[in-house]
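Residue numbers (my numbering): 77 to 288.
C-beta: ideal position from N, C-alpha, C; glycine also.
Note that the structure is predicted; figures quoted are calculated from it, not measured.
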Ligand code: DC
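So, in structure tokens, the structure goes:
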């Protein structure tokens, strides 16, 4: 079974995807970490993430199977990831790895922005996970604070809105809900409630004759 999870920044996709992977015994890929790793490789080398040629080269040279997720969750890494993810060559360089991951034996859960539309259009179940911008900003603020970053919630909100706009308006694989995706609005749901709702959507889809 392949579960595709898409949605805007800080909607709770990662936590939900991890729990679903554990529940169904599937492998999990956080595809945002691939874009974040490209962004960080550039930042570490002192290169502007807008440098299209350097970003494409960085994406091609990454060892995608061995990405160290350690320092990728910072606000700076997220911003750099959003910039490089608008680069078509970067997206192309990362696509095959994601598709191979999706089709691995035993099934997989992938989360990102274009999983249901581009990476795994034939996924057995597609969830589009979202929440209000204010709630997403609050969650990202808590996450960054937990990582020891000194951040302002209002600034996080404006960065999230900027990032949403960039992710939705880019020409290459923009963030959008697949036509056959189920919408899961987590604004008023905690993670357990979101998880139970997702499990019931998935189990209904499977009972409806979708192969596992
Ligand atoms: O989910 P995240 O915050 O880790 O993603 C970081 C950025 O990577 C996000 O702003 C857009 C980009 N991204 C993408 O374009 N496609 C994906 N499948 C995953 C992430």
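Answer yes or no: the CB of residue i versus the heavy atoms of the ligand DC, is any distance below 7 Å?
i	result
residue 107	yes
residue 215	no
residue 234	no
residue 85	yes
residue 104	no
residue 172	no
residue 188	yes
residue 123	no
residue 243	yes
residue 154	yes
residue 184	no
residue 143	no
residue 157	yes
residue 191	yes
residue 112	yes
How about residue i and residue j: do their beta carbons lie closer than 8 Å?
i	j	result
residue 81	residue 92	yes
residue 207	residue 263	yes
residue 112	residue 154	yes
residue 131	residue 166	yes
residue 119	residue 156	yes
residue 88	residue 180	no
residue 149	residue 223	yes
residue 233	residue 209	yes
residue 275	residue 99	yes
What are the start and end residues of the beta strand (DSSP E) that includes residue i?
i	result
residue 164	First-last for residue 164: 164 to 178, but that is the alpha helix (DSSP H), not the beta strand (DSSP E).
residue 203	201 to 206
residue 110	Looking at the DSSP string, residue 110 is not in any beta strand (DSSP E); the run it does join, the alpha helix (DSSP H), is 108 to 120.
residue 159	Note, residue 159: premise wrong, no beta strand (DSSP E); alpha helix (DSSP H) at 151 to 160.
residue 78	78 to 82
residue 184	184 to 188
Let's see if you can read the secondary structure: which residues bound the alpha helix (DSSP H) around residue i?
i	result
residue 258	It is not in any alpha helix (DSSP H) - residue 258 instead sits in the beta strand (DSSP E) that spans 258 to 261.
residue 210	209 to 222
residue 195	That residue, residue 195, is in no alpha helix (DSSP H); it is neither H nor E in DSSP.
residue 278	267 to 283
In chain order, what residues of the same chain have a beta carbon less than 6 Å from the beta carbon of residue i, not counting five sequence neighbours either side?
i	result
residue 287	Unreliable placement is indicated for residue 287, whose pLDDT of 47 sits below 50; no coordinate value is reported for it.
residue 225	none
residue 239	85 and 158
residue 242	158
residue 277	258
residue 102	183, 184 and 185
Tell me which residues share the same chain as residue i and place their Cβ nearer than 8 Å to its Cβ, disregarding the 5 neighbours each side in the sequence.
i	result
residue 257	80, 82, 192, 202, 203 and 204
residue 249	167, 189, 190, 193 and 194
residue 152	119
residue 219	86 and 149
residue 253	82, 192, 204 and 259
Quick one: residues in its chain with C-beta nearer than 7 Å to the C-beta of residue i, no 5 flanking neighbours on either side, listed in chain order?
i	result
residue 38	Missing from the structure shown is residue 38; the chain here goes from 77 to 288 and no further.
residue 129	none
residue 246	162
residue 270	88, 92, 260 and 262
The segment 169 to 189 contacting the segment 106 to 125, beta-carbon criterion three pairs below 8 Å
yes
For the pair the segment 130 to 150 and the segment 160 to 170, tell me if three or more CB-CB distances fall below 8 Å. yes
Stretch pair the segment 182 to 197 + the segment 265 to 280: three plus CB contacts closer than 8 Å:
no
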